[in-house]
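Step one of this worksheet: look at the structure below.
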Amino acid sequence: MRRPQFRVAAKQGRLREADEIRLLEAWIDAGKPARGTKPPPITKSASAAQGKGKGGAPKAAGEYTEYGACTLFDELPLSKKTKDGLRKAGFKEMSEIQRAALPHALCGRDVLGAAKTGSGKTLAFVIPALEKLYRERWGPEDGPGCIVLSPNKDLAGQIFDVFKKVGKFHGFSAGAIVGNRKGLDEEKAVITSLNILVCTPGRLLQHMSETTNFDCAQIQILVIDEADQVLDKKFQEQVDNVVSQLPRVRQTLLFSATQTKSVKDLARVSLKDPEYISVHEEASTATPDNLEQYAMIVPIEQKLNMLWSFIKRHIDSRTLVFLSSVKQVKFVYEVFKKLRPGIPLKCMHGRMKYEVQQAIVAEFKESKSVLFSTDIFARGLDIENVDWVVQVDCPENIALYIHRVGRTARYNKRGKALMFICPEEERMLEKLKATESKIPIYIKKPNTEKLEQISQNIAAVLVKFPNLQQLGKRAFVTYLKSVYLQSDKEVFDLSRFNMENFASYAASLGLPVTPKIRFVRHKKNVPKKYMEDINVKQMKRSLKPEVIEINPRADGNLIVDDEDDDILYPKESKADVNMDDGLDDILYPKESTADTNTEPEKVTQYVPFNF
Numbered sequence: 001m002r003r004p005q006f007r008v009a010a011k012q013g014r015l016r017e018a019d020e021i022r023l024l025e026a027w028i029d030a031g032k033p034a035r036g037t038k039p040p041p042i043t044k045s046a047s048a049a050q051g052k053g054k055g056g057a058p059k060a061a062g063e064y065t066e067y068g069a070c071t072l073f074d075e076l077p078l079s080k081k082t083k084d085g086l087r088k089a090g091f092k093e094m095s096e097i098q099r100a101a102l103p104h105a106l107c108g109r110d111v112l113g114a115a116k117t118g119s120g121k122t123l124a125f126v127i128p129a130l131e132k133l134y135r136e137r138w139g140p141e142d143g144p145g146c147i148v149l150s151p152n153k154d155l156a157g158q159i160f161d162v163f164k165k166v167g168k169f170h171g172f173s174a175g176a177i178v179g180n181r182k183g184l185d186e187e188k189a190v191i192t193s194l195n196i197l198v199c200t201p202g203r204l205l206q207h208m209s210e211t212t213n214f215d216c217a218q219i220q221i222l223v224i225d226e227a228d229q230v231l232d233k234k235f236q237e238q239v240d241n242v243v244s245q246l247p248r249v250r251q252t253l254l255f256s257a258t259q260t261k262s263v264k265d266l267a268r269v270s271l272k273d274p275e276y277i278s279v280h281e282e283a284s285t286a287t288p289d290n291l292e293q294y295a296m297i298v299p300i301e302q303k304l305n306m307l308w309s310f311i312k313r314h315i316d317s318r319t320l321v322f323l324s325s326v327k328q329v330k331f332v333y334e335v336f337k338k339l340r341p342g343i344p345l346k347c348m349h350g351r352m353k354y355e356v357q358q359a360i361v362a363e364f365k366e367s368k369s370v371l372f373s374t375d376i377f378a379r380g381l382d383i384e385n386v387d388w389v390v391q392v393d394c395p396e397n398i399a400l401y402i403h404r405v406g407r408t409a410r411y412n413k414r415g416k417a418l419m420f421i422c423p424e425e426e427r428m429l430e431k432l433k434a435t436e437s438k439i440p441i442y443i444k445k446p447n448t449e450k451l452e453q454i455s456q457n458i459a460a461v462l463v464k465f466p467n468l469q470q471l472g473k474r475a476f477v478t479y480l481k482s483v484y485l486q487s488d489k490e491v492f493d494l495s496r497f498n499m500e501n502f503a504s505y506a507a508s509l510g511l512p513v514t515p516k517i518r519f520v521r522h523k524k525n526v527p528k529k530y531m532e533d534i535n536v537k538q539m540k541r542s543l544k545p546e547v548i549e550i551n552p553r554a555d556g557n558l559i560v561d562d563e564d565d566d567i568l569y570p571k572e573s574k575a576d577v578n579m580d581d582g583l584d585d586i587l588y589p590k591e592s593t594a595d596t597n598t599e600p601e602k603v604t605q606y607v608p609f610n611f
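Just so we're aligned, residue 1 is where the sequence shown starts under the UniProt record's numbering, counting upward by one.
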């Protein structure tokens, strides 16, 4: 009896794959770069010689492209399915980080890679992950073979999209754990058959603890994106628990825009003789070369006037605006929307559902508009053609500054960044301009003659919409709280402000009176991120008594309102509950406050995909 045709075709396909894998392994072994080496700069002669052998003749079968000559993905020892996926997605030429990292990663070495934002780091680990599983003949019955850890759900979703594009012609199954709390049971039902998991540390640890038969003992490759943040103390316990349940014999890839070589950090993830690849280490700047960076000294009470004036003069630009808290984002978005600047406005923050965030990002990609955001947007998210990044509030450190401005000038395109600095925070400018920071930032003097004063307009809006007045009070408090809890007291010190500053700032928000501020004295409820950095008693002594009133009540508390961990405000007393009752329900639908980074039991939605 003749075999069914599809069985014959399947067998022939497996034989072709086996032959291809043998060829790829021989190719990789023959072209394996020496340890510690980087590809030389691309020259015209090297570019002209692409795809040619000795004497300019075409390369013969079995003659491999030399390591230093590889500039195209087609010249690498990649499977046909991966090359087809790259070609279909429009990826042809390699970036610097890809040229440097891929040859080492493809031959199985651990890699610690650092490159400027927008340089193509995602492909530098997506391709090795797909190729590793392909050469191992991985299938659904083998379970998880690759884990990609991301610090937040938005970046995880973006990485998953790249896997879908490049892995389109492979037969792997993959899952991105990025949604709401209701998808846990669905995840448990299928997670054991997924080959590639893109997730946050907390959610992965939850499945390791709760999901029956979920076994990571056969993991072939571990990837940590934004490694500097994932290895931070904020994730320390979760990452340590995850790594302890993975096999020690595996490949590990770490990538970030700002990298760590801490022996302690590297030991935690069991890196073995890693290749340190920092393609921009000798660059004159730590930010993209095509990025113009400016700063303005702006008094706290003039920030909204300056922001409004900027938006009105750049209505044909795609602008991303960073503020330090959810309440500020909501307030500025709602008020500016009522004032109608003449350009579409959008806002995004960590309390929104993942689907809502993705819809906003998609809209922002398609049209010229202004997007107000917390630092949820600062890392990893990839949007081309952002014209301006405006930082209304000072970043907490240089690393965050680099990530914020890295949302523009991506993939060698031009971009501009502007930062507002209060006179009390000028120390941050000194740090940014220091030689070792490699940040070419220029001071621009505001043109006060063209500065539009909108405080009275905002006040009129607040009179017409009383709920916005309560939101304004919260925005006022959350901003000062975020400054108060910063660890770098050389830059962030509320004792430099006086009551006149606070009153003027409140008036600039349209508030008729300055909200009363109370800070707690008890450390036990302060987030872990700040436990080692904050000496509350010392800070209390350093603050002027007329500026801050310390709340002596034992039941005082701080709660985290946003997954960015920088949105802190006091719980309202019972007497204040009616003031804000129904505020968020009127302005916004109820949304989960789950923090994917710190509360794994509250994360996420399962999004399966078969390539």
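Backbone N, C-alpha and C define an ideal beta-carbon position, used for all residues, glycine too.
Just so you know, these numbers come straight off a predicted model, no measurement behind them.
Are the CB atoms of I221 and A100 within a distance shorter than 8 Å? no
Rounded straight-line distance, which links the Cα of G108 to that of P33: 12 Å
Can you tell me whether K132 is helix, strand or coil according to DSSP? helix
Could you pull the DSSP bridge partners for W388 from this structure? T319, K416
Enclosing alpha helix (DSSP H) for F331 [first to last residue]: 326-339
Sorted by chain position, which residues of the same chain lie with C-beta nearer than 6 Å to P341's C-beta, five sequence neighbours on each side aside? I311, K312
By how many angstroms is the C-alpha of F172 removed from the C-alpha of E17? 14 Å
Would you mind listing the alpha helix (DSSP H) stretches within the region 492-516 that are 4+ residues and don't spill past its ends, in chain order? 499-508
Rounded C-beta distance between K489 and S309? I'm assuming under 8 Å. So it is not a contact: roughly 31 Å between Cβ atoms.
List the endpoints of the continuous alpha helix (DSSP H) containing D185. That run of the alpha helix (DSSP H) goes 184-190.
In this structure, how does DSSP classify I97 when only helix, strand and coil are distinguished? helix
Are the CB atoms of K416 and E500 nearer to each other than 8 Å? no
Determine which residues share a DSSP beta bridge with Q251 and list them. I221
With 16 as the cutoff for other CB atoms within 10 Å, does G472 come out buried or exposed? buried
When the Cα atoms are used, what is the spatial distance from L15 to R22? 11 Å
Where F91 falls: helix, strand or coil (DSSP): coil
Over the uninterrupted alpha helix (DSSP H) stretch that includes V298, give me the two end residues. Segment: none, V298 is in no alpha helix (DSSP H) and carries neither H nor E.
Look up S487 in the DSSP assignment and say whether it is helix, strand or coil. coil
Once the 5 residues before and after L271 are set aside, which same chain residues still bring their CB inside 8 Å of it? D110, L112, T252, L254
Are at least three pairs of beta-carbons, each pair with one atom in the region 158-166 and one in the region 193-203, less than 8 Å apart? yes
By Cβ distance, which residues of its chain are closer than 7 Å to A217, with the 5 residues on each side in sequence left out? P247
Apply the 10 Å Cβ neighbour rule to S487 and answer buried if 16 or more other Cβ atoms are within range, or exposed otherwise. exposed
Using the beta-carbon count (16 or more within 10 Å), is T37 buried or exposed? Classification of T37: exposed, given that the 10 Å Cβ count is below 16.
Cβ neighbours of I360 in the same chain (closer than 6 Å, five flanking residues each side left out): K346, M348
Tell whether a beta-carbon distance below 8 Å holds between P77 and L24. yes
Closest residue to L494 among Y411, P423, I297, I191 (Cα-Cα distance): P423
According to DSSP, A114 sits in a beta bridge with which residue or residues? S256, S278
Give the single residue among K481, I421, R268, S244 whose Cα lies nearest to the Cα of I231. In the sequence under discussion, the amino acid at residue 231 is Leu, which differs from the Ile named in the question. Considering only alpha carbons, the answer is R268.
Within 10 Å of its beta-carbon, does D225 have 16 or more other beta-carbons around it, so buried, or fewer, so exposed? buried
May I ask you to list the residues that DSSP assigns as paired with Y442? Y294
Can the beta-carbon of S244 be found less than 8 Å from the beta-carbon of A475? no
Identity of the residue in G120, S79, I97, D29 nearest D382 by Cα: G120
Just how far apart, CA to CA, sit I441 and E136? 48 Å
In three-state terms, what does DSSP make of F310? helix
Compute the Euclidean distance between the alpha carbons of L339 and Q469, then round it to the nearest angstrom. Distance between the alpha carbons of L339 and Q469 is about 15 Å.
According to DSSP, which residues form a beta bridge with K346? L371
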